[in-house]
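K.L.:
In full-length UniProt numbering, the protein residues as written are 1 to 973.
We put the beta carbon where it would ideally sit given N, CA and C, even for glycine.
1. Roughly how far, in whole angstroms, is the beta-carbon of residue 438 from the beta-carbon of residue 882, given that I think they are within contact range, below 8 angstroms?
2. Beta carbon of residue 209, beta carbon of residue 154: below 8 angstroms?
3. Taking the alpha carbon of residue 618 as the point to measure from, which residue in 481, 731, 758, 734 has its own alpha carbon closest?
4. Does DSSP classify residue 695 as helix, strand or coil?
5. Pick from 830, 122, 432: whose alpha carbon is nearest that of residue 215?
6. Taking the beta carbon of residue 100 as the centre, do at least 16 other beta carbons fall within 10 Å, making it buried, or is it exposed?
7. According to DSSP, which residues form a beta bridge with residue 16?
8. On the premise that residue 106 lies in contact with residue 62, defined as a C-beta separation below 8 angstroms, what is that separation, rounded to the nearest angstrom?
9. Starting from residue 156, trace the alpha helix (DSSP H) both ways and give me its first and last residue.
10. When burial is assigned at 16 or more other CB atoms within 10 Å of the CB, is residue 95 buried or exposed?
11. Could you say which of 616, 174, 892 lies nearest to residue 760 if we only look at CA atoms?
12. How many Å lie between residue 111 and residue 422 at the Cα?
13. Return helix, strand or coil for residue 471, following the three-state DSSP convention.
14. Between the C-alpha atoms of residue 791 and residue 849, what's the straight-line distance to the nearest angstrom?
15. Bridge partners for residue 204 per DSSP, in chain order?
16. Classify residue 373: buried if its beta carbon has 16 or more other beta carbons within 10 angstroms, exposed otherwise.
17. Which of the three DSSP states, helix, strand or coil, is assigned to residue 477?
18. From residue 93 to residue 82, what does the alpha carbon distance come to, in whole angstroms?
19. So, under 8 angstroms CB-CB, residue 145 and residue 168 are touching, yes? Tell me the CB distance rounded to an integer number of Å.
20. Would residue 298 and residue 10 be called neighbours here (beta carbons separated by less than 8 angstroms)?
21. Compare the Cα-Cα distances from residue 749 to each of 627, 844, 21 and report the closest residue.
22. Which one or two residues does DSSP pair with residue 187 in a beta bridge?
23. Please classify residue 249 as buried or exposed, where buried requires at least 16 neighbouring CB atoms within 10 angstroms.
24. Find the nearest neighbour of residue 828 within the set 846, 488, 783, 728, judged by alpha-carbon distance.
25. From the DSSP output, read off the bridge partner residues of residue 83.
26. Span of the alpha helix (DSSP H) holding residue 150?
27. According to DSSP, which residues form a beta bridge with residue 7?
28. Hey, quick one: how far does the beta strand (DSSP E) through residue 32 stretch, first residue to last?
29. Is the separation between the beta-carbon of residue 636 and that of residue 734 shorter than 8 angstroms?
30. For residue 934, which of helix, strand or coil comes out of DSSP?
31. Hey, could you find the ends of the alpha helix (DSSP H) residue 67 is sitting in?
32. Would you grab the beta carbon distance between residue 267 and residue 206 for me? Rounded to a whole angstrom, and I think it's under 8 angstroms.
33. Once the 5 residues before and after residue 40 are set aside, which same chain residues still bring their CB inside 7 angstroms of it?
34. Taking the alpha carbon of residue 222 as the reference point, which residue from 259, 52, 211, 190 has its own alpha carbon closest?
35. Nearest-angstrom Cα distance between residue 609 and residue 763?
Spelled out as structure tokens, the structure:
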């Protein structure tokens, strides 16, 4: 239970040359002098173990993962992860072929080994084993066991241990269930094809096994976690030839691996500076494995090919740095009440001893402060007794009073500032977690809206298909209607032939009048039958009247549709249409009113066409005007850029003139110094008078030259300043012209938008005009049908009248069979007519109904599209806002760190007192217990182990259980 330092174990594995490398003739550049040393070129690297290119999967497992099985079952956390460039064999090392015993990787082997050792343990132990599988794809945590969970947030529990919130957890009881879970996750993982690897992993995969064991008698609880990490390989785009989405994935992978390298570099330095775990979600998840509470094994996978020599050296250097990291490992144990009581008594006893020691030191200190000299034999030894766990550095004595007081003040200030800093840091981390949660919720909303949009698109497609089917049905009904009209025409022809035959028979009836007079008595007998026939004829007449009513109803519907069409086109013909609808019989004036109404609609349509032509002309002129303004704006921009370059050249020339002036001034100073030296020499040889005269002449000459040069420089500077001012004025004018051109362009764009709106309005009007033309065609067909029906009606009435008159005048007719035949034909004709009208009206009603439904659906789709656009804009805005807040929080956090480092640097100037920071690990963990039935229970009973498991999806990966037990403490950073 005591804390212990554990260096990360680094194992190097070199794969053999693949087929492409052998075909290209690449050399084998890696050497193996010993079992733990590898050489590349002239550089040598040493690790815990080196696995040659001919090593088997079993040898790899024995050297890397097998020792960690016992540690996990003893309550420690363990991590195994593979690092290396793409196509270096990481996934083969970690997973391999799950179905092949010889080529299976570390993950399936360690799973079987874990269960084998569990079966051999004490029968009083109860195990809870749960697994989870997730990947880091494009800097998003994605659940591989539930693909609907995308972009899961990373939070911290009470012990500051990161965990993935909301990831799926499954309780398992046998190794086969674990392997099935791995297969399910592998099928959901992102894999792509590159030039270097046909199955390149595009994400970092993490498989977590959590094992909790409880002793039934003592209730002692141990928790061990095993992280199995398969990192995606670093890539060079020039080698993989990645494009599109694969290129974006490669960028994200390299960025996260760079963050991992930075974290390992900071940890290998051993300094207490800030470790950038939050730069990437990969380092955030692996925070406990890198410098935390875990026994970590790193497998660096290398390529032996000469074409990958630089990447291989980088991987080996990464392993060297990682080997220097020390983790603080402890057992994750939950103490019972009795153990807590024993620990409390032990700590209380140590505190009593320390209090007694403090009293002795205090007495001696008061004597020193009072000025008494304490003899050596009465002085208490500085080192504490071996039985007391007291730090010797904390028991130093100090004779003067003032330094001790100052030291105590500095200690309190440092402790206070450290507490404030820790509180501020935890607050900022909490804010970052909250922002991540908000971003996760917004992305879920956007995805839900996109799904609803897809559903609406599918619904729209189905409605369009239904509309097409209805149109086909409508066309078939129209064809049937044409066929029925042809049949009606044939019946009409037959009736006309019958009429001619009746005319010929009329002559025969006149010839037989004498015979009819003789048969009056028989006529009286047959009157009853004639009356029956009259009743039947009356019934037929009532049927014809009902047909007339239906015809009027159809005409009324047509008039109502025409009224709605007039409302759409803005014509005021509603009263006339209502009067036509209410009238029983249509006169010639009514038909003329309808014709005038349709002519008005045609006139309005022509006016709309003329308006469209005018709008197109205005739009064309506006586009030409916009093109000319754009050309002028581009020319002004070119002039502005030329003038800007000229002004830059002038500024450069001014700087050169200034430099020349400075050089001349320096030369003048040097000449003055030389002159002074010459004067000193001449003073020794010349007399005082000659010397004075000569100096005066030289001074005058130098003054004149200096004045000339100053005037010349001033003139040049003034000229350059004037030229610069002119150029600046010209630039300002061009900028104003550019602003005017931009305003003009904006106005032209507004006009163009208005023209586009007018064009859309014209398109809607043209659609309405097309609808009106279709209605006209339907109306003309209906009028033709009406005229035919009126002809048929008149012919039918004339036939009935002739029959009535002949029957009344002449009594019994020998043409009774022909009369029955005519009546049957008439009934059949009326039935066909009724059926045709009813089918036509039903088709019209269905068409109107489906048109209204289609319009409602299209409006709903438009509303959803606008809502989706608004939601996306709001989400993008909120996302940008969150990113800005996050960046601001990072800036504030870095400023706090710099302030703390500055304060710490000033405090290190004097004496310091370091107080260790306790970090309790652990927490309560859910206990889901279920029975295991069947042969599985019998197998575990024979093994003497009680493993409890259920299939459960938990919302938290590690919400309660941390990296250690409740009673453990680790040293501060």
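P.N.:
In short, the structure shows the following:
1. Their Cβ separation, rounded to whole angstroms, is 6 angstroms, which keeps residue 438 and residue 882 in contact under 8 angstroms.
2. No, the Cβ-Cβ distance between residue 209 and residue 154 is not below 8 angstroms.
3. Cα-wise, what sits closest to residue 618 is 758.
4. Of the three classes helix, strand and coil, the one that applies to residue 695 here is helix, per DSSP.
5. Taking each of 830, 122, 432 in turn and checking the Cα distance to residue 215, the smallest one comes out for 122.
6. So residue 100 counts as exposed.
7. Residue 16 is not bridged to any residue.
8. By a beta-carbon distance limit of 8 angstroms, residue 62 does not contact residue 106. Their separation comes to about 10 angstroms.
9. Here residue 156 belongs to no alpha helix (DSSP H); instead the beta strand (DSSP E) covers 154-156.
10. Burial call: buried.
11. Looking at the Cα atoms, 616 is the closest of the given residues.
12. Between residue 111 and residue 422, the C-alpha separation is close to 40 angstroms.
13. Secondary structure at residue 471: helix, using DSSP grouped into helix, strand and coil.
14. In this structure, the CA atom of residue 791 is about 33 angstroms from the CA atom of residue 849.
15. Beta-bridge pairing links residue 204 to 136.
16. With a 10 Å radius around the Cβ and a threshold of 16 neighbouring Cβ atoms, residue 373 comes out exposed.
17. Per DSSP, reduced to three states, the secondary structure at residue 477 is helical.
18. Here the alpha carbon of residue 93 sits roughly 8 angstroms from the alpha carbon of residue 82.
19. The beta carbons of residue 145 and residue 168 sit about 4 angstroms from each other, so the pair counts as a contact at 8 angstroms.
20. Cβ distance < 8 angstroms, so residue 298 and residue 10 count as in contact.
21. Residue 749 has its Cα closest to that of 627, out of 627, 844, 21.
22. In the DSSP assignment, no residue is bridged to residue 187.
23. Label assigned to residue 249: buried.
24. Minimum Cα distance to residue 828 is reached at 488.
25. Paired residue(s): 300.
26. That residue, residue 150, is in no alpha helix (DSSP H); it is neither H nor E in DSSP.
27. Answer by DSSP bridge pairing, in chain order: 326.
28. It spans 30-34 - the beta strand (DSSP E) in which residue 32 sits, taken as one unbroken run.
29. The criterion of a C-beta distance shorter than 8 angstroms is satisfied by residue 636 and residue 734.
30. Because the pLDDT at residue 934 is just 36, under 50, the model does not fix this residue reliably, and the point stays unresolved.
31. Following the DSSP letters along the chain, one finds residue 67 inside the alpha helix (DSSP H) bounded by residues 66-73.
32. For residue 267 against residue 206, the beta-carbon gap comes to about 20 angstroms, at or over 8 angstroms, which does not count as contact.
33. Its chain contains 29, 30, 309, 312, 313, 316 as the residues whose beta carbon lies nearer than 7 angstroms to that of residue 40, once the 5 sequence neighbours on both sides are disregarded; these appear in chain order.
34. Per the Cα distances, 211.
35. Straight-line Cα distance between these residues: approximately 10 angstroms.
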